[in-house]
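Every number in my numbering is 53 more than the matching position in the sequence shown, counting from 1. Where is the CB? At the ideal position from N, CA and C, for every residue including glycine. Encoded as structure tokens, the structure appears first; notes follow it.
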Amino acid sequence: MADFVNLHRIDWIRFKAVAEDYFRRGRHYEETYMEMKDTYEGICPEKNTIYKWEKRFRESGNIVHFTNSSGRPRLYGLAGKILPLIEMDRSISLRRLAGLLGNSREAIAKSIEHDLLLHSVSLRWIPHKLSEQNLEDRIEASGNLIHFLRESKRNHYRGLVTGDETWLYLNNPAEKQCTGYTIISKGKKAYQNFTSSLQSRLVAM
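Next up, the structure:
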């Protein structure tokens, strides 16, 4: 064929299963190719590919194999046991969870990350996606912070962490009327300096 067909892994499995069905019913690879071409048109495997599949089928008796994934098997149902313990103690450690549930720390950590969608921040488990209440609390805290910064002549907090994990450092020299902002993005060495008045700009976390 002049055109090369790019198939994904799941496509290969499906088409192999279809071709094997034809071979088991005694169909030749050319006949198999013509019928699959009529059905799947542009995504049908090449004729030479089906020829190789037929040859392998004659030699081994099948072309579709079940392959076990590498690594330890994933434990299902573990998240339902972990969540009540985290809700009772947001600072509970992986070692403590492993001791209570009788599973490895690796299995528990994977279940927390992939099933519960939680991650550890300052030794506390919090959701990846913030709830509406989390967002409302953040807005209220930001309003209080703005009022505090406007009233404060000295910067009592050397660094603040914003919601997008960007570090925001505030420098409030007493002899100047303006505030210097230095924003350093996570994982980047380059930074930008911004100078503005606290009365004209708002700071939100």
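Contact check, residue i vs residue j, beta carbons under 7 Å
{"i": "residue 116", "j": "residue 69", "result": "yes"}
{"i": "residue 86", "j": "residue 100", "result": "yes"}
{"i": "residue 150", "j": "residue 161", "result": "yes"}
{"i": "residue 158", "j": "residue 147", "result": "yes"}
Same chain only: Cβ atoms within 8 Å of residue i, ignoring 5 sequence neighbours per side
{"i": "residue 201", "result": "none"}
{"i": "residue 217", "result": "Confidence at residue 217 is low in this model, with a pLDDT of 49, below 50, so its placement is unreliable and no value can be given for it."}
{"i": "residue 134", "result": "154"}
{"i": "residue 88", "result": "75 and 80"}
{"i": "residue 73", "result": "106, 110, 115, 116 and 117"}
{"i": "residue 152", "result": "none"}
Proximity test, Cβ basis, 7 Å: residue i and chain B
{"i": "residue 155", "result": "No chain B is part of this structure, which consists of one protein chain only."}
Same chain, Cβ closer than 7 Å to residue i, neighbours up to 5 away in sequence not counted
{"i": "residue 164", "result": "128, 131, 132 and 135"}
{"i": "residue 90", "result": "97"}
{"i": "residue 197", "result": "none"}
{"i": "residue 71", "result": "89"}
Cutoff 6 Å; reference residue i; Cβ partners in own chain excluding five residues on either side
{"i": "residue 110", "result": "76 and 116"}
{"i": "residue 230", "result": "Because residue 230 carries a pLDDT of 44, less than 50, the predicted location of this residue cannot be relied on, and the following value inherits that uncertainty. Here the set comprises nothing."}
{"i": "residue 252", "result": "Residue placement at residue 252 cannot be trusted, given a pLDDT of 38 that sits under 50; the coordinates are not used to answer."}
{"i": "residue 78", "result": "none"}
Residue i Cβ short of 6 Å to the ligand GDP heavy atom set
{"i": "residue 130", "result": "As for the ligand GDP, it is missing from this structure, which has no ligand bound."}
Cβ contact (3+ pairs, closer than 8 Å) linking the stretch 76–92 and the stretch 104–112: yes
Alpha helix (DSSP H) runs wholly inside the stretch 139–173, at least 4 long, in chain order: 147–154 and 158–167
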